[in-house]
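Just so you know, we're using the numbering used here here: the sequence shown kicks off at 7 and counts up by one.
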Amino acid sequence: HVRGPSSARRRFLSRSVRSNMMAGRATARIAGVVAFALMAATLQGCGKSGGDSPTPAPETTTTTMTTTQMGPLPPQPEMPFPPMRGICYQAPPGKSLSPELPGLDMMQAGYADQWGPKGRDDLGMIRTLGANSVRLYHGAGLEADTDHQAFLDRAHELGLRVLLGFHTQNICPEFDCFKHWHSATARGFKAGFVKDGAWHPAIKAVVLMDEPDLLNLMNEDGTAVNCTGAQAQCRTKAVLSSLDGFLAAEEESKIDGSNISLTVAWSFTTRDSVDGKLNASYLYGFQDTVAGIDDPTLAEYNPRNYDALQEAFTSRWVHSVNIPAQWSFAKEMIADKYEPFKKHPW
């Protein structure tokens, strides 16, 4: 006497049969689709006029497969610019910096295994995503003892324009940043920012400061600089002096920067401008720069080379602002009110 399966086993077998049947149907459907595709490929080009029979399909079918080879992205042509389609690249390999990591400056050689072709090839991925530019926040003014040219060379061969950013939280006593921005620029030239006697061809623009309106600058001893006057005066003085020091370094090194745009990226918030012409406006930083260049005494600053300051602002300046908002809001708050600043792009 052979006992039949238990009720539980019957349910299991029933499910198994149904699963197998469903799998079989799915396999049949897939096979049908494949067969249809093969038939369509076989019959492509057939159908002559008249009553002749179509040419019999060959007995063997050759299938060609396309595979993607993993590895670094090969050199790419430059993409149109503008429009700008960029990535802000500040991605240290961890949730926070540790003593084992090189630091905030992502351009330096210590991060080559992350952005370079022999490692993860972040720059190649940025280009693959469709970007034509990459912005750095701490590329100048923080670390200049290691090579930075390899990063720029890789960006250039991929057709990426580099927006080189200065480390803003830096030494700027009494908001006069001339000395340190001058030194940082000169050291950067030796670390790879210059190639064949000119700015490296990958560099499209230099961001002298990132959100200087936050006033997060330092004294020589590392303490925070105290703004004893109006905040608008302090931030405008910092901008004018950083530009002044940068231009002095270019002049001393005989580097022609006429093809390099210059800018300061302001916070996306409302403030009063240094000359009082704008109140609670998102355009305060643009007006600060215009008014400060026109009359540096508004910021209580005495330029070392006022003519160079004016010339660079006229021919090289681009207004910019960090916008963590949708374009519709930015358009309403900035683009639609940009008419007074139209001499300069933004």
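All C-beta atoms in this analysis are idealised placements derived from N, C-alpha and C, irrespective of residue type, glycine included. Remember, it's a predicted structure, so these values are computed and weren't measured experimentally.
The count of Cβ pairs closer than 8 Å, one atom from the region 144-160 and one from the region 180-193, reaches three, so the stretches are in contact.
If you keep only unbroken beta strand (DSSP E) runs of at least 3 residues inside the region 135-175, you get 139-141, 167-171.
In this structure, residue 253 lies near residue 318, with their beta-carbon atoms less than 8 Å apart. Residue 197 and residue 285 have their alpha carbons spaced roughly 42 Å apart.
Counting the other CB atoms within 10 Å of its CB gives residue 258 a total below 16, which places it among the exposed residues. Between residue 280 and residue 239, the C-beta gap is smaller than 8 Å, which places the two residues in contact. Cβ-Cβ distances below 7 Å link residue 339 to 288 in the same chain, with the five nearest sequence neighbours on each side left out; the list follows chain order.
In terms of CA proximity to residue 350, 293 leads the group 277, 293, 306, 205. Note that the C-beta distance between residue 166 and residue 140 is below 8 Å.
Ranked by Cα distance from residue 170, the first of 246, 216, 204, 143 is 143. CA-CA distance, residue 88 to residue 246, rounds to 27 Å. A direct Cα-to-Cα measurement between residue 251 and residue 97 gives close to 29 Å. Counting only residues of its own chain and dropping the five nearest sequence neighbours on each side, residue 326 has a CB closer than 8 Å to the CB of 213, 269, 270, 271, 272, 352.
Counting along the chain, residue 94 sits inside the beta strand (DSSP E) bounded by residues 92-94. Here residue 241 is buried: its Cβ has 16 or more other Cβ atoms, across all protein chains shown, within 10 Å. Cβ-Cβ distances below 6 Å link residue 328 to 271, 274 in the same chain, with the five nearest sequence neighbours on each side left out; the list follows chain order.
Counting the other Cβ atoms within 10 Å of the Cβ of residue 114 gives 16 or more, which makes it buried. In the three-state reduction of the DSSP assignment, residue 269 falls in the strand class. In the structure shown, the three-state DSSP call for residue 119 is helix. Between residue 79 and residue 164, the CB-CB gap stays under 8 Å. The criterion of a C-beta distance shorter than 8 Å is not satisfied by residue 106 and residue 174. Looking only at 255, 77, 330, 102, the smallest Cα-Cα distance to residue 183 is reached by 255.
Linking residue 232 to residue 151 through their CA atoms gives a straight-line distance of about 30 Å. Shortest Cα-Cα distance from residue 347 to any of 120, 86, 320 involves 320. Per DSSP, the unbroken beta strand (DSSP E) holding residue 216 starts and ends at 209-216. Residue environment analysis places residue 291 among the buried positions, since at least 16 neighbouring C-beta atoms fall within 10 angstroms of its C-beta.
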